[in-house]
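Per the numbering used here, residue 12 is the first one in the sequence shown, and the count goes up by one each step.
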Amino acid sequence: MVVEVIQGEGGCIAASAEWLRAVREITRELGILLIIDEVQTGLGRTGNLFAIEHSGITPDILVLSKAIGGGYPISVIVYAEHLDTWGPGMHAGTFRGNQVAMVAGAATMRHIKEHDLVGNATRRGEQLHSGLEDIARQFPFIGDVRGRGLMLGVEIVKPASGSRPGAGDGARARAIKLECFKNGVIIETGGRNSAVLRFLPPLNITESEVGMVLDRFEQSLKSSSAARVSSVSAVG
Numbered sequence: 012m013v014v015e016v017i018q019g020e021g022g023c024i025a026a027s028a029e030w031l032r033a034v035r036e037i038t039r040e041l042g043i044l045l046i047i048d049e050v051q052t053g054l055g056r057t058g059n060l061f062a063i064e065h066s067g068i069t070p071d072i073l074v075l076s077k078a079i080g081g082g083y084p085i086s087v088i089v090y091a092e093h094l095d096t097w098g099p100g101m102h103a104g105t106f107r108g109n110q111v112a113m114v115a116g117a118a119t120m121r122h123i124k125e126h127d128l129v130g131n132a133t134r135r136g137e138q139l140h141s142g143l144e145d146i147a148r149q150f151p152f153i154g155d156v157r158g159r160g161l162m163l164g165v166e167i168v169k170p171a172s173g174s175r176p177g178a179g180d181g182a183r184a185r186a187i188k189l190e191c192f193k194n195g196v197i198i199e200t201g202g203r204n205s206a207v208l209r210f211l212p213p214l215n216i217t218e219s220e221v222g223m224v225l226d227r228f229e230q231s232l233k234s235s236s237a238a239r240v241s242s243v244s245a246v247g
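Below you can see the structure in the form of structure tokens.
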């Protein structure tokens, strides 16, 4: 069974610790390998070295990439010792064992540890999350602020219909993303209808830089809203 602890392209949806513990119990009872995809969450992004640590369980296999290479192409599989059944040379490939990428990966892990970037992700993640929630209270089209550490999502929604929450508004999310880009803030979209603005800042981001991101994001929301009103008025 393959699980993302926090969905990345799916819109920064975090699995609960209770659900993950239940999955671990079921897979163990049935003899199913539990494989955790930490390609986006691994190496400190969520405030722990690995996102699965928040739940307190131990999977059979971890899959790592992206951040672990420090910009170089590398992927790593970490697995329980009882699964180590391959003999020398059995897991071979043309582009495997890239020495430069391995050196870069080792240096990246040392840098993360020596500079407490995991702790920084926790502190700056709390600051960013709190700031985004404060901003969300000003704009009714923000339906949710979610995620963990420095992997956060802001869902943009259409007006609610009766008791039903509004659907994701991908067009507005795109407009906000472009306005943010004009203001020097690069964010991605994801989730259903591409309506979730994804905040994935570097792990070494500072307190003042988070404050700057929040200020520019708020300004981008105001600018995109004003442009939207002007567009509607022109059509009317």
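Glycine included, C-beta positions come from ideal geometry on N, C-alpha and C.
Is it buried or exposed for residue i, if we count other Cβ within 10 angstroms and need 16 for buried?
i	result
Gly160	buried
His102	exposed
Ser205	buried
Lys233	exposed
Ser27	exposed
Glu189	Before going on, a small fix: residue 189 reads as Leu here, not Glu. Exposed is the call here.
Ser231	buried
Leu41	exposed
Val156	buried
Ala238	exposed
Pro151	exposed
Glu125	exposed
Phe61	buried
Using alpha carbons as the reference points, say which of the options lies closest to residue i.
i	options	result
Ile68	Ala186, Thr133, Lys169 and Glu29	Glu29
Val165	Val13, Gly201, Lys124 and Gln51	Gly201
Arg32	Ala117, His65, Met223 and Ala91	His65
Ala186	Ile43, Arg203, Leu208 and Arg134	Leu208
Ala118	Gly19, Thr57, Trp97 and Ala78	Ala78
Leu225	Thr105, Ala132, Asn194 and Arg203	Asn194
Ser141	Gly222, Ile123 and Thr96	Gly222
Val89	Thr96, Ile72, Gly82 and Gly81	Ile72
Gly50	Gly58, Ser86, Cys23 and Arg39	As written in the sequence, residue 50 is Val, which differs from the Gly given in the question. The shortest C-alpha separation from Val50 is found at Ser86.
Glu92	Pro70, Glu218 and Cys23	Pro70
Are the Cβ atoms of residue i and residue j separated by less than 8 Å?
i	j	result
Met12	Leu45	yes
Ile37	Ala25	no
Leu163	Leu139	yes
Gly179	Arg203	yes
Any Cβ of chain D within less than 8 Å of the Cβ of residue i?
i	result
Met223	In summary, chain D is missing from the structure at hand, where a single protein chain is found.
Minimum length 3: unbroken beta strand (DSSP E) runs contained in the region 132-172: 153-159 and 162-167
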